[in-house]
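Per my numbering, the sequence shown starts with residue 27, numbered consecutively.
By construction, the Cβ of each residue, glycine as well, lies at the ideal position given by its N, Cα and C atoms.
Computed from a predicted structure; not experimentally measured.
So the structure is just underneath, and the comments pick up after that.
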Amino acid sequence: MNPTVFPNTVNVATSSSAGLAQSLLQFARQLDEVQITLVGPPTRNTDQYSITNAIYDYLNATGSMLIRKNIEVKRNYNGISDTIRSLQMSTKVVAIGTDFENLKEALDQLDVRSLSSNSYIVIMLCSSPVENCFASPDARSVIANNDIMVLAPRMENYAMASTKLSTLISNPVMGNMDRYISLYNSCYGYCFGFDGGGTLLYDYYLYTLPGRDGKKDLDLKLL
27 MNPTVFPNTV
37 NVATSSSAGL
47 AQSLLQFARQ
57 LDEVQITLVG
67 PPTRNTDQYS
77 ITNAIYDYLN
87 ATGSMLIRKN
97 IEVKRNYNGI
107 SDTIRSLQMS
117 TKVVAIGTDF
127 ENLKEALDQL
137 DVRSLSSNSY
147 IVIMLCSSPV
157 ENCFASPDAR
167 SVIANNDIMV
177 LAPRMENYAM
187 ASTKLSTLIS
197 NPVMGNMDRY
207 ISLYNSCYGY
217 CFGFDGGGTL
227 LYDYYLYTLP
237 GRDGKKDLDL
247 KLL
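Okay, structure coming up:
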């Protein structure tokens, strides 16, 4: 967003489809991979894009040929065997959205551990910091110690922000902290916008989760 054209506009989301897409492009270049495969849930309604569909549409709009396949996993997992076979016959790099209604169940159904152990490069796509994206120990346990990477915006003060916001909310919902932070940023951005505009978007990093204790290893800055 050009601040000279829109001086009072501020981006307050923790992430964007453009940021995730550009990060994937950069990572693919570093791997010398021409194309990758996206896997995610179907779009729920016209107001709520899935992460993978948003990335796919953005890259198509920019003329990129990065995506060979954009696979939508049916909510009831009908035809999951065909889906897995399609994955195995697609590309070396597979990027999976984390916005399934039940992430652990989806990862188990897709057998992501098997993909990783068979030399596929598996990337989990997060639209929020990794601490929030994998707040569920069940989902985290699926990818821990399996050489599966997580692409997520980096928020250095996430733990501090979560702690402070939790004291203001009577019953915070696990996995929704990014929404609370975005709401705070929106209020802050309203004031910040009158000071010349700007962005509150975060940089994108690749992470691995070595264990199930919630800790993460920082592997690579992408954008």
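For A165, the CB contacts under 6 angstroms within the same chain, skipping 5 residues up- and downstream, are L129 and K130 in chain order. Close CB contacts of Y75 within its chain, under the 7 angstroms cut and outside five residues either way in sequence, are with T69 (chain order). In this structure, DSSP gives N96 an extended state, which the three-state scheme calls strand. The DSSP-derived three-state label of P179 is strand. In this chain, the alpha helix (DSSP H) harbouring V156 covers V156 to C159.
Remark: C-beta atoms of V65 and G123 approach each other more closely than 9 angstroms.
For L129, the enclosing alpha helix (DSSP H) covers residues L129 to L136. Between I93 and Y82, the gap from beta carbon to beta carbon is short of 9 angstroms. In this chain, the alpha helix (DSSP H) harbouring G45 covers S43 to L57. When only Cα atoms are considered, Q52 and T63 end up about 15 angstroms apart. If you draw a 10 Å sphere on the C-beta of G45, you find 16 or more other C-beta atoms in it, and that means buried. Checking the DSSP bridge columns, you'll see I149 partnered with A121 and M175.
Per the DSSP secondary-structure output, L113 pairs with nothing in a beta bridge. Short of 7 angstroms from the beta carbon of C152, and not among the five residues preceding or following it, lie these beta carbons of its own chain, in chain order: T124, C159, V176, L177 and A178. Non-local beta-carbon contacts of Y146 in its own chain, meaning distances under 7 angstroms to residues more than five positions away in sequence, involve K118 and V120 in chain order. Annotation for K95: T63 and S116 place their beta carbon closer than 6 angstroms to its own, counting only its chain and skipping 5 residues before and after.
Exposure of Q56 is indicated by the presence of fewer than 16 other C-beta atoms within 10 angstroms of its C-beta. The Cβ atoms of T88 and A47 sit closer than 9 angstroms to each other. Across the set D173, F126 and A161, the C-alpha of D173 shows the shortest separation from the C-alpha of L141. Excluding residues up to 5 positions away in sequence, Y103 and I106 lie with their Cβ nearer than 6 angstroms to the Cβ of Q135 in the same chain. As computed with DSSP, L141 is found in no beta bridge at all.
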